[in-house]
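A short worksheet on the structure shown next.
There are 4 protein chains.
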Amino acid sequence: MSDARYQMFEEIQRERGINVEEAKQMLKKLAVETPSWGYGDSGTRFKVFQKEGVPRNPFEKFEDAAQVQKYTGASPSVAIHIPWDKVEDYSQLRQHAESLGLKVGAVNPNLFQEPEYMLGSITNSNKKVRRKAIDHLLECVDIAKEVGSEIISLWLADGTNYPGQADIRKRKNWMEEALRETYDKLDDHMRLLIEYKFFEPAFYHTDLADWGMAYNTAMKLGPKAEVLVDLGHHPQGTNVEHIVAYLLDEKRLGGFHFNARKYADDDLIAATTNPYELFLIFSQILSALRDEDHPEVQKTARRISYMIDQSHNIEPKIPAMIRSILNIQTYYAKALLINWDELVKAQGEQDVLRAENIVREAFEQDVTPLLNAVREEMNVPQDPIKAFLESGYLEKIRVRGIGGASW
Amino acid sequence: MSDARYQMFEEIQRERGINVEEAKQMLKKLAVETPSWGYGDSGTRFKVFQKEGVPRNPFEKFEDAAQVQKYTGASPSVAIHIPWDKVEDYSQLRQHAESLGLKVGAVNPNLFQEPEYMLGSITNSNKKVRRKAIDHLLECVDIAKEVGSEIISLWLADGTNYPGQADIRKRKNWMEEALRETYDKLDDHMRLLIEYKFFEPAFYHTDLADWGMAYNTAMKLGPKAEVLVDLGHHPQGTNVEHIVAYLLDEKRLGGFHFNARKYADDDLIAATTNPYELFLIFSQILSALRDEDHPEVQKTARRISYMIDQSHNIEPKIPAMIRSILNIQTYYAKALLINWDELVKAQGEQDVLRAENIVREAFEQDVTPLLNAVREEMNVPQDPIKAFLESGYLEKIRVRGIGGASW
Amino acid sequence: MSDARYQMFEEIQRERGINVEEAKQMLKKLAVETPSWGYGDSGTRFKVFQKEGVPRNPFEKFEDAAQVQKYTGASPSVAIHIPWDKVEDYSQLRQHAESLGLKVGAVNPNLFQEPEYMLGSITNSNKKVRRKAIDHLLECVDIAKEVGSEIISLWLADGTNYPGQADIRKRKNWMEEALRETYDKLDDHMRLLIEYKFFEPAFYHTDLADWGMAYNTAMKLGPKAEVLVDLGHHPQGTNVEHIVAYLLDEKRLGGFHFNARKYADDDLIAATTNPYELFLIFSQILSALRDEDHPEVQKTARRISYMIDQSHNIEPKIPAMIRSILNIQTYYAKALLINWDELVKAQGEQDVLRAENIVREAFEQDVTPLLNAVREEMNVPQDPIKAFLESGYLEKIRVRGIGGASW
Amino acid sequence: MSDARYQMFEEIQRERGINVEEAKQMLKKLAVETPSWGYGDSGTRFKVFQKEGVPRNPFEKFEDAAQVQKYTGASPSVAIHIPWDKVEDYSQLRQHAESLGLKVGAVNPNLFQEPEYMLGSITNSNKKVRRKAIDHLLECVDIAKEVGSEIISLWLADGTNYPGQADIRKRKNWMEEALRETYDKLDDHMRLLIEYKFFEPAFYHTDLADWGMAYNTAMKLGPKAEVLVDLGHHPQGTNVEHIVAYLLDEKRLGGFHFNARKYADDDLIAATTNPYELFLIFSQILSALRDEDHPEVQKTARRISYMIDQSHNIEPKIPAMIRSILNIQTYYAKALLINWDELVKAQGEQDVLRAENIVREAFEQDVTPLLNAVREEMNVPQDPIKAFLESGYLEKIRVRGIGGASW
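Chains as they are written, first to last, in the UniProt record's numbering: chain C, 1 to 407; chain L, 1 to 407; chain W, 1 to 407; chain V, 1 to 407.
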């Protein structure tokens with residue numbers, strides 16, 4: 001039966017002018033990093049609901065992440081966060097990861113939880129605080145080298161709550177100084193991904209508030225600095241795929257933090273509030289990948305780091321992470337079914353209705369047979385969540401008790 | 001000098017057609033409740049910055065609140081929150097309050113911090129959880145009677161994070177049942193204030209999402225139920241003063257939670273991001289107060305409960321609360337300087353430019369002399385923050401140490 | 001081949017627990033009204049781009065609408081707008097419609113294009129202007145009776161641009177008076193649908209700004225008054241399906257104006273910016289339709305009026321309208337594939353991840369075979385747009401020239 | 001009396017540490033350009049309300065603008081818009097302006113009203129359309145040279161309404177090519193101001209959507225290209241003063257389009273919805289002006305072009321423009337009363353409450369005596385609107401009739 005469905009799918013796509021084999025190859029290469037903090041307890045400012053069995057240390061976080069990789073085959077690396085994942089011996093953490101078939105992914109400095117950072121870290125008017133924050137950034141570069149990671153992923157929580165609270169331009173200059181020092185410590189093959197966020201935890205101004213500020217900072221630093229787009233960090237209504245296309249064209253799109261949000265949160269499971277947006281983002285990336293007239297754009301698109309940045313407050317941690325990977329695969333798979341030749345033709349003919357429909361038609365395809373086929377070829381279960389739930393892992397980790405690591 | 005300034009102020013206002021004496025009387029009557037939780041530690045989901053000297057128990061919170069009353073004379077009551085302010089003997093708490101010259105204000109049930117409430121309290125699909133939540137509401141009515149409070153102030157944090165997560169209409173009906181039971185327990189002179197919030201901590205849907213839902217619920221319950229407007233709980237762009245006018249006209253505006261926000265927070269000090277909005281809200285209330293054609297509207301406007309609902313994450317707690325009171329007085333004072341006869345005339349002549357300007361002209365008045373005069377007559381310091389900072393109170397409470405109560 | 005696809009579809013749905021035959025019956029009954037103004041020229045405040053062949057009068061608008069019905073079979077009625085569709089003899093218009101196989105749908109009064117309405121129509125402080133506006137409303141009730149329409153669909157463009165410009169509460173009362181007079185003229189089988197809009201063309205306050213105001217007005221008027229939800233008239237982030245569920249539960253959801261928007265427009269083709277939202281709205285309606293415990297809710301859901309309210313500025317008019325119908329059918333069809341029993345079970349077990357997925361899984365189905373089967377049974381083409389484009393109609397109407405009717 | 005008020009004002013400011021004389025000098029130098037299109041009829045997409053006496057041609061627009069200058073002394077130049085202000089002989093227009101004591105200000109190309117521009121002008125996939133649009137840009141540079149203007153002020157209305165409608169990156173490149181050609185034609189002393197807009201008239205994506213895109217384009221073009229900030233063109237919640245500070249620090253802030261908006265309009269009178277925002281923007285500019293450590297930042301701040309971009313739909317045109325000038329002066333005057341030394345001190349001590357208050361305290365000053373003194377010294381009336389209304393000008397222009405120029 002499953003075969004019949006796949007054959008039907010292939011036939012439909014062939015009629016639509018789509019090369020399914022190519023789509024399968026692309027899908028197999030899609031790797032999405034999960035964050036170590038996504039396996040611990042989390043919550044809102046009102047309440048952190050503690051779960052049974054959450055990991056008690058960085059090593060257990062990697063064990064949980066290994067389950068996501070085991071059942072999806074699409075999540076071979078894990079982002080770490082310092083100091084949440086601080087260990088005495090990073091080579092041990094690296095070995096632990098590798099023994100689980102994982103790599104240590106992006107290293108995320110934490111510039112928001114020290115008491116001194118209340119009014120800013122690298123933008124604090126107090127030089128000592130800035131020094132402490134820069135030292136932490138440099139420490140993270142060292143850790144990245146130790147764990148074999150090529151990426152420093154920087155979210156700067158700095159900002160102010162009130163007009164007048166601080167000198168915005170001075171803070172900008174302090175920030176640039178700090179990032180310059182950090183940048184200069186990177187090895188040549190390393191990258192500094194600069195995130196931006198419209199607001200929160202600061203509520204009047206955020207020092208890196210939008211893609212323009214992150215991009216401009218990256219441009220000043222040099223080619224190893226790129227922009228990281230977190231899907232939940234924009235004003236309402238923002239056309240995120242436009243920003244993606246723009247950054248690709250400027251060869252400065254470094255990575256993504258996937259998640260979803262309807263209002264102002266950034267921790268919902270990717271694609272649960274507006275799946276079409278994720279699909280359209282992938283469409284822009286695929287358009288760049290096939291743009292042979294611009295090899296530098298292609299190159300940028302090829303090395304994008306895909307990362308999940310979610311902290312599931314009400315969902316079971318590991319299944320929520322698996323679901324996130326599956327969703328990302330689903331909407332990537334759909335974007336792979338766009339008939340680009342037809343689209344270019346309709347655009348050339350300025351046929352608005354047809355061009356719109358060509359894109360949305362791909363979104364309407366049921367990609368279950370395609371994903372099943374890919375999973376079969378990758379030797380992972382057809383229904384990864386079901387397989388995980390039946391594996392007994394959740395029962396096994398109950399021994400960890402309640403009150404494990406939280407971020 | 002101060003006298004000269006006041007005389008000049010009075011002369012200017014007399015020329016503008018304003019009765020300053022009346023404004024002074026109105027100002028003296030303005031009472032704004034502060035929340036007990038505003039004196040404890042608070043923060044964002046990323047970090048609670050602990051402060052030295054925060055109160056260790058409900059009694060100390062009242063002592064801090066008494067300072068605000070001492071230096072402003074405009075804050076004679078304190079809202080409590082159960083179970084944060086749970087004590088063995090509420091008559092003792094009441095006596096403590098009274099001994100400090102304070103009254104216990106609105107009683108706020110907490111329906112969001114029990115582990116069982118993760119997926120809802122009075123809207124939870126589990127009947128036992130709903131029962132527990134209703135019992136808590138009933139307990140709060142009892143507490144209100146014990147402490148001599150007339151107000152139950154309900155913020156319902158219930159909601160869902162994902163489409164499909166729950167049956168929205170069933171939850172609505174469970175909510176109405178729970179509030180019916182609570183309402184029926186109120187004494188005749190008591191009121192149930194129903195708050196609404198656009199989102200957070202739920203991120204897909206909030207069971208009481210907007211004023212329309214709060215209002216409709218109040219209408220179904222009966223005349224003792226009214227709507228509470230929290231300034232920070234609306235979608236971007238919302239005309240809050242329009243909602244205020246609308247609810248006044250329907251005689252269902254029960255109270256306010258004052259605060260400010262630029263994006264999605266609701267804890268910034270009132271009037272720090274858009275002071276004109278607070279002024280315009282007061283303008284609608286003053287318009288209602290003087291509407292002799294509609295005595296029921298006047299009556300509603302007269303008994304509005306003004307409450308602050310802020311948790312200052314980066315500011316010193318007591319000074320921030322004093323500043324909030326001062327700001328509210330300032331923008332209320334300005335609204336008192338609108339020349340209503342001129343405004344009605346300009347509106348009648350459909351002179352858009354003049355009408356707009358009449359309102360904003362009042363906003364442009366410097367009300368310092370007026371507020372100073374009022375403070376003098378009320379026997380409180382001209383500069384309440386300075387007086388408080390010089391009083392030595394902050395030094396005195398240092399003994400409390402770090403790690404007091406947090407919400 | 002088509003048969004094989006349908007069989008495969010049916011098999012997949014059977015496995016999922018879905019009764020396809022029932023879905024087909026539901027789909028056949030879906031009727032979506034198109035607006036006469038959607039066939040004429042339209043634009044933004046910056047430019048109206050004139051198209052060749054747009055209708056020159058109400059009769060030609062019905063002829064164009066008949067094409068939409070001919071090729072979709074799902075659009076049997078046409079909303080009219082007075083005075084845009086003013087004719088000397090409305091019985092003639094009705095006969096013309098019927099001769100084309102159409103019915104005259106909702107009658108839409110225009111309260112925004114007379115010079116006198118610059119500062120308000122039924123809320124104008126000038127009594128003569130209010131009288132003129134009310135008379136227009138009453139005239140529209142008469143027209144509705146003449147053309148055999150049961151629906152008056154009211155969008156009130158009234159509002160103000162500046163604080164102070166007008167007395168908000170007085171305007172509210174004038175509005176209620178005007179609608180009372182209109183309501184009282186309705187025959188028993190008629191309905192007054194009250195629309196709301198967050199802003200535009202007024203930019204400070206809109207007299208009917210949100211669902212709460214429209215609902216409260218309907219409640220005061222009586223059972224023949226209901227709320228109309230226009231998908232493009234909400235603040236950013238609003239959970240429209242929540243409002244839909246709420247109004248259904250209160251038995252006051254009267255109808256929809258379908259369209260799409262990303263920012264603040266309300267004229268984009270339905271489902272082109274966030275198709276999941278339209279699907280979720282239909283989900284709430286289907287949930288109500290099968291709610292046998294609440295027959296009044298079911299009854300409300302059954303008689304909802306589905307209407308398109310779009311003015312296509314850059315697209316060819318008739319194809320854009322056909323596409324809109326197709327999109328609405330597509331996302332309705334997907335909502336019909338939700339497995340409600342499974343959903344209720346997952347909700348009961350508080351399995352957030354599963355419940356979310358059950359809903360989105362239906363959205364992921366490819367409904368092409370279903371829609372093709374329905375179209376076959378309805379004797380309309382499989383590809384309505386292609387069939388229309390090949391029909392020669394567009395060539396035929398070129399004779400109308402440029403400069404036809406615009407709204 | 002007026003003298004007494006001014007003396008009191010000066011005394012208060014002296015006590016506050018403010019040099020009033022300096023503030024007066026700054027105020028006298030403030031020049032705000034008005035737009036020619038602001039004197040003609042305008043409206044929303046729903047209705048253009050025609051006014052009596054609006055100018056019938058560019059010459060009459062300058063005559064009206066001369067009234068604004070006559071009564072305010074602060075509006076010595078007028079922006080023109082091509083082709084709305086197309087004349088046969090631009091030297092004649094220039095002479096007419098000069099004879100009225102005016103200069104021709106920024107030249108604004110129109111890239112949105114030709115039928116060919118429906119799907120884009122300089123980003124249109126049709127090369128001929130792009131050529132036509134570029135030629136128009138070049139023509140505008142020529143016109144600027146003829147009329148003696150140094151500024152080309154570019155608002156690009158280009159964008160798309162639907163996903164897939166066009167290739168976003170191709171459009172970006174076409175845009176850059178067109179602006180390169182335009183830029184290269186500028187004389188050395190000329191500037192190209194690049195505006196951005198979040199949305200409208202395009203509703204899916206705008207080719208220059210935010211400050212980041214405008215800034216990046218300016219950076220690529222060269223030092224004669226700068227960013228223009230229109231206050232009404234941002235997502236809700238955007239911290240505009242942050243963008244202003246950022247662009248100042250990068251020496252790329254070229255000018256402003258002043259106006260106000262609460263939702264998505266950009267034509268309301270400046271400072272009528274949130275006057276504090278305008279004040280905070282001026283605060284950032286004043287901070288830059290006095291930043292002696294960064295002379296290039298100072299230089300940028302000194303040459304900012306202040307322009308109004310409003311089209312008053314319901315207000316009388318000339319009085320609305322005078323009111324706009326007065327408002328801008330008012331909030332600029334308030335920003336001049338910030339005690340910078342105190343602010344820097346409070347910021348340095350990280351005293352959040354004090355720093356916030358120092359800024360808002362300046363906002364609370366009543367600047368009427370200051371503005372009156374300045375007007376006296378500038379030989380313009382104390383109450384410019386009253387003086388204008390009494391001048392008989394409005395009666396005089398009634399002869400123009402109804403149906404003059406509209407934009």
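Just so it is clear, CB atoms sit at the ideal spot from N, CA and C, and this is done for glycine as well.
Buried or exposed (CB count within 10 angstroms, at least 16 for buried), Val399 of chain W: So Val399 of chain W counts as exposed.
Please say whether His233 of chain C and Asp266 of chain C have beta carbons closer to each other than 8 Å? yes
Hey, out of L:Leu111, L:Ser125 and L:Pro35, whose CA is closest to Val344 of chain W's CA? L:Ser125
If the cut is a Cβ gap below 7 Å, which residues of chain C does Pro235 of chain V touch? Pro235, Gln236, Gly237 and Thr238
Against chain L, which members of the region 123 to 146 of chain W pass a CB distance test of less than 9 Å? Asn124, Ser125 and Asn126
Under 9 Å from the C-beta of Gln347 of chain W: neighbouring residues of chain L: Those are Ser125, Gly164, Gln165, Ala166, Asp167 and Lys170, listed as they occur along chain L.
Can you say whether Asn377 of chain W is buried or exposed, counting buried as having 16 or more other CB atoms within 10 angstroms of its CB? At residue 377 of chain W the sequence reads Glu, which differs from the Asn that was named. It counts as exposed.
How many angstroms separate the CA atom of Lys220 of chain L from the CA atom of Ala214 of chain L? 10 Å
Could you list which residues in chain V have their beta carbon closer than 7 Å to that of Gly212 of chain C, in chain order? Asp210, Trp211, Gly212 and Tyr215
Sub-8 Å separation of Arg169 of chain C and Leu370 of chain V beta-carbons: no
Going by DSSP in three states, Lys89 of chain C sits in which element: helix, strand or coil? Looking at the sequence shown, residue 89 of chain C is not Lys but Asp. In the structure shown, Asp89 of chain C sits in coil (DSSP, three-state: anything other than H, G, I, E or B).
Which residues in chain C sit within 7 Å of Asp249 of chain V, going by Cβ to Cβ distance? Arg169 and Lys172
Would you mind stating whether Val54 of chain C and Gly392 of chain C have Cβ atoms separated by less than 8 Å? no
In chain order, what residues of the same chain lie with their CB nearer than 6 Å to the CB of Lys61 of chain L, ignoring the 5 residues before and after it? The beta carbon of Lys61 of chain L is closer than 6 Å to those of Ser36, Tyr39 and Pro55 in its chain, skipping five residues each way along the sequence.
Between the alpha carbons of Gln7 of chain C and Ile80 of chain C, how many angstroms are there, rounded? 42 Å
Taking only beta-carbon positions, decide if Gly72 of chain V is within less than 8 Å of chain W. Reading off the sequence shown, one finds Thr at residue 72 of chain V, where the question assumed Gly. It does not; no Cβ of chain W falls within 8 Å.
Name, in chain order, the residues that DSSP records as bridge partners for Glu376 of chain V. In DSSP, Glu376 of chain V forms no bridge with anything.
Whole beta strand (DSSP E) elements within the region 162 to 247 of chain L, 3-residue minimum: Here the runs fully enclosed are 191 to 195 and 225 to 230.
Can you find a C-beta in chain V that's less than 8 Å from the C-beta of Asn161 of chain W? yes
Looking only at its own chain, which residues have a Cβ that is under 6 Å from the Cβ of Ala106 of chain V, when we skip the five neighbours before and after it? Ala79, Ile151 and Ser153
Would His189 of chain V and Thr160 of chain V be called neighbours here (beta carbons separated by less than 8 Å)? no
Would a check of beta-carbon distances place Ile358 of chain C closer than 8 Å to chain V? yes
Can you name, in chain order, every residue of its own chain whose Cβ lies under 7 Å from the Cβ of Ala320 of chain L, other than the five neighbours on each side? Ile269 and His312
Would you say Leu231 of chain C and Val240 of chain C are within 8 Å of each other, going by their C-beta atoms? yes
What residues match up with Phe258 of chain C in a beta bridge as DSSP calls it? C:Ile308
Length of the line joining the Cα atoms of residue 424 of chain C and Ile18 of chain V: Beyond the ends of chain C as shown, which are 1 and 407, falls residue 424 of chain C; an answer cannot be given.
Select from the region 25 to 49 of chain W all residues with a C-beta closer than 7 Å to any C-beta belonging to chain V, and list them in chain order. Interface annotation for the region 25 to 49 of chain W against chain V: Gly43, Thr44, Arg45, Phe46, Lys47 and Phe49, criterion Cβ-Cβ distance under 7 Å.
Please identify, using Cβ separations under 7 Å, the residues of the region 259 to 270 of chain W that lie next to chain V, in order along the chain. Arg261, Lys262, Tyr263, Ala264, Asp265 and Leu268
Identity of the residues DSSP links to Asp135 of chain V by a beta bridge: Note: Asp135 of chain V sits in no beta bridge, so no partner.
Does the separation of the CB atoms of Asn339 of chain V and Arg16 of chain V fall below 8 Å? yes
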